[in-house]
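Enquirer: Handing you a structure now.
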Amino acid sequence: MPSTVPPPTLGLEEEVFVLYQETSGTFRTSTASFQGLARLLWRHPSRNLGGTASNFRRGPAARRELMSSVEISTPVHAHPDTLLMSALSRRRELSRALPDGLMVPLGLLPDSDSFHTAGLHVHVGVPPERLATVYGNLARYLPVLTHASASSPWWQGQPGGPLERVQHSFALGPLISDPLARFQDLIVTRRLGTIELRVLDPIADPERLRAVLHAIWSVARLDEALPWSRSTYNRLREGYRTGPDDEVRALAGELQTISGFDPAWLDHTAARQVRESWQRDGEAATFRALDGAYRSGAWGDLGTRSGRPARWRGVAGFAGYYLPKLPYMARKVRAEHHAALPQGPLDIPDRP
Numbered sequence: 001m002p003s004t005v006p007p008p009t010l011g012l013e014e015e016v017f018v019l020y021q022e023t024s025g026t027f028r029t030s031t032a033s034f035q036g037l038a039r040l041l042w043r044h045p046s047r048n049l050g051g052t053a054s055n056f057r058r059g060p061a062a063r064r065e066l067m068s069s070v071e072i073s074t075p076v077h078a079h080p081d082t083l084l085m086s087a088l089s090r091r092r093e094l095s096r097a098l099p100d101g102l103m104v105p106l107g108l109l110p111d112s113d114s115f116h117t118a119g120l121h122v123h124v125g126v127p128p129e130r131l132a133t134v135y136g137n138l139a140r141y142l143p144v145l146t147h148a149s150a151s152s153p154w155w156q157g158q159p160g161g162p163l164e165r166v167q168h169s170f171a172l173g174p175l176i177s178d179p180l181a182r183f184q185d186l187i188v189t190r191r192l193g194t195i196e197l198r199v200l201d202p203i204a205d206p207e208r209l210r211a212v213l214h215a216i217w218s219v220a221r222l223d224e225a226l227p228w229s230r231s232t233y234n235r236l237r238e239g240y241r242t243g244p245d246d247e248v249r250a251l252a253g254e255l256q257t258i259s260g261f262d263p264a265w266l267d268h269t270a271a272r273q274v275r276e277s278w279q280r281d282g283e284a285a286t287f288r289a290l291d292g293a294y295r296s297g298a299w300g301d302l303g304t305r306s307g308r309p310a311r312w313r314g315v316a317g318f319a320g321y322y323l324p325k326l327p328y329m330a331r332k333v334r335a336e337h338h339a340a341l342p343q344g345p346l347d348i349p350d351r352p
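Residues in the sequence shown are numbered from 1 upward in steps of one, following UniProt numbering.
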């Protein structure tokens, strides 16, 4: 029987590292990435003022490497297939604006700290009366979706679990009673009023991204309010250190029935592929293959130039991108932390 609820809307924000190779052979980010963001901004100001962003490192690490990931986002869409096409189009735009530098869609780099991360944030728009139902249903299947996205298999130079970013990022955390609190894995946003899945690692593979987006959309369309609890999610969250257990695999089977999601995505992860490539081919070859995956959708070296850029490019890019965006950024930060929802205070109880 077809769903009688209003269809959800979807949008996404995607972060990616842009790396340049030092004469020593090591790879680092650079403020030269601002040049590409500036090109996007001035080519289409109305779309890219809010449709791009940049992140900085913090603390002592920022003195040697200021830049962190860059971000692109899509408009709002009514179907996961059009959202996927939009996301791939945005990747092509960013690739044209930044023809040099390796685009590396990983949750963490080998030397990352808690502030040097990248993620995929999916926004789900539903009417206010549907927020509690959809939030809970998404929370039920969030461990499955997160395991399917895994692309952060190390922590500060050492091999780790498939989702080390989730364990260490300052911007993530277990679910708490207040769904508006920002730094947890699943929130309701003050600025947009959407449900935001914040916990996903970047997903380079278009087919994997399609599977995850279809699963999110299908869950958001369910009429029924399924059982869930914060304590259950937070317990399953501990498995991000090791991999999916039997309980998560059972949820993946449910998700397959709901959306056609293939549980095999939990085993054939980007984290596993990256780890194997790193051991077999080394750092440079792996980063180049990831650049090909992001720019073209196919794992492999595209021959992208990656030499360290001149310092003036960072200064010029900062002036052309960051300074013009400051007023918008100030308004956005204020709205994200202080805006009131139209429907008033929000309470989303567990459904054990």
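For glycine and all other residues, C-beta sits at the position ideal for the given N, C-alpha and C.
Determine contact between the segment 116-128 and the segment 179-197, defined as no fewer than three beta-carbon pairs at a distance below 8 Å.
Expert: Result yes; three or more Cβ-Cβ pairs closer than 8 Å.
Enquirer: How big is the Cα-Cα spacing for W299 and L346?
Expert: Walking along the sequence shown from the start, residue 299 turns up at place 299. Walking along the sequence shown from the start, residue 346 turns up at place 346. Taking the straight line from one Cα to the other gives about 43 Å.
Enquirer: Quick one: measure Cβ to Cβ for L180 and E14, integer angstroms, because I've assumed they're closer than 8 Å.
Expert: Counting from 1 along the sequence shown, the entry for residue 180 is found at position 180. Counting from 1 along the sequence shown, the entry for residue 14 is found at position 14. No, L180 and E14 are not in contact; Cβ-Cβ is about 23 Å, not under 8 Å.
Enquirer: Throw me the rounded Cβ distance for the R295 and M85 pair, which I believe falls under 8 Å.
Expert: Here residue 295 refers to the residue found at position 295 when the sequence shown is read from its first residue. Here residue 85 refers to the residue found at position 85 when the sequence shown is read from its first residue. Not confirmed; about 16 Å, so no contact.
Enquirer: Classify I176 as buried or exposed, calling it buried when 16 or more other Cβ atoms lie within 10 Å of its own Cβ.
Expert: Position 176 of the sequence shown, counted from the first residue, corresponds to residue 176. With fewer than 16 other Cβ atoms within 10 Å, it is exposed.
Enquirer: With DSSP run on the structure shown, which of helix, strand or coil describes E13?
Expert: Taking the sequence shown and counting its residues from 1, one reaches residue 13 at position 13. Correct three-state label for E13: strand.
Enquirer: What did DSSP end up calling H44 once you bin it into helix, strand or coil?
Expert: Locating residue 44 in the sequence shown gives position 44, where the first residue counts as 1. DSSP places H44 in coil when its eight states are reduced to three.
Enquirer: Helix, strand or coil for W299, going by three-state DSSP, please let me know.
Expert: Mapped onto the sequence shown, residue 299 falls at position 299. Coil.
Enquirer: Can you give me the C-alpha to C-alpha distance between R28 and G107, rounded to a whole angstrom?
Expert: Counting from one through the sequence shown, the residue named residue 28 turns up at place 28. Counting from one through the sequence shown, the residue named residue 107 turns up at place 107. Near 15 Å, if we compare the C-alpha coordinates of G107 and R28.
Enquirer: Please list, in chain order, all residues of the same chain as A62 whose beta carbon is under 8 Å from its beta carbon, the five residues on each side excluded.
Expert: Working through the sequence shown from its first residue, we reach residue 62 at position 62. Excluding sequence neighbours, A62 sits near F56.
Enquirer: Check whether the Cβ atoms of S30 and G303 lie closer than 8 Å to each other.
Expert: Stepping through the sequence shown from its first residue, residue 30 is reached at position 30. Stepping through the sequence shown from its first residue, residue 303 is reached at position 303. The answer is no: Cβ separation not under 8 Å.
Enquirer: Sort L94, G59 and Q158 by Cα distance to F115 and report the nearest one.
Expert: Working through the sequence shown from its first residue, we reach residue 115 at position 115. Ranking L94, G59 and Q158 by Cα distance to F115 puts G59 first.
Enquirer: Report buried or exposed for Y328, applying the criterion of at least 16 other Cβ atoms within 10 angstroms of its Cβ.
Expert: Position 328 of the sequence shown holds residue 328. Answer is exposed; the Cβ neighbour count stays below 16.
Enquirer: Assuming G160 and Y240 make a contact with CB atoms under 8 Å, what is their CB distance in whole Å?
Expert: Taking the first residue of the sequence shown as position 1, residue 160 is located at position 160. Taking the first residue of the sequence shown as position 1, residue 240 is located at position 240. Incorrect: roughly 10 Å between the Cβ atoms, too far for contact.
Enquirer: Where do the ends of the alpha helix (DSSP H) carrying L236 lie?
Expert: Taking the first residue of the sequence shown as position 1, residue 236 is located at position 236. Looking at the DSSP string, the run of the alpha helix (DSSP H) that includes L236 is R230 to R237.
Enquirer: Taking 8 Å as the cut-off, decide whether the C-beta atoms of P80 and H214 are in contact.
Expert: For this step, residue 80 is matched to residue 80 along the sequence shown. For this step, residue 214 is matched to residue 214 along the sequence shown. Yes, the pair counts as a contact, with Cβ atoms nearer than the cut-off.
Enquirer: According to DSSP, is R190 part of a helix, a strand, or is it coil?
Expert: Taking the first residue of the sequence shown as position 1, residue 190 is located at position 190. Three-state DSSP puts R190 in coil, outside helix and strand.
Enquirer: Provide the residue span of the beta strand (DSSP E) that contains E196, from first to last.
Expert: The residue you call residue 196 lines up with position 196 of the sequence shown. Its beta strand (DSSP E) spans residues I195 to L200.
Enquirer: On a CA-only basis, which of T286, R165 and S149 is nearest E207? Give me that one, please.
Expert: Reading the sequence shown from its first residue, position 207 is the one you call residue 207. The shortest C-alpha separation from E207 is found at S149.
Enquirer: Hey, A38 and G320: beta-carbon distance below 8 Å or not?
Expert: In the sequence shown, the residue the question calls residue 38 occupies position 38. In the sequence shown, the residue the question calls residue 320 occupies position 320. Contact: yes.
Enquirer: Rounded to whole angstroms, what's the CA-CA distance from P352 to S229? Just pull it up for me.
Expert: The residue given as residue 352 occupies position 352 in the sequence shown. The residue given as residue 229 occupies position 229 in the sequence shown. Their backbone Cα atoms lie some 6 Å apart in a straight line.
Enquirer: Three-state secondary structure (DSSP) at P105?
Expert: Within the sequence shown, the letter at position 105 stands for residue 105. It is coil, neither helix nor strand.
Enquirer: From the DSSP output, which residues share a beta bridge with V158?
Expert: Numbered from its first residue, the sequence shown carries residue 158 at position 158. In the sequence under discussion, the amino acid at residue 158 is Gln, which differs from the Val named in the question. Paired residue(s): W155.
Enquirer: Three-state secondary structure (DSSP) at G307?
Expert: Here residue 307 refers to the residue found at position 307 of the sequence shown. In this structure, G307 counts as strand in the three-state DSSP scheme.
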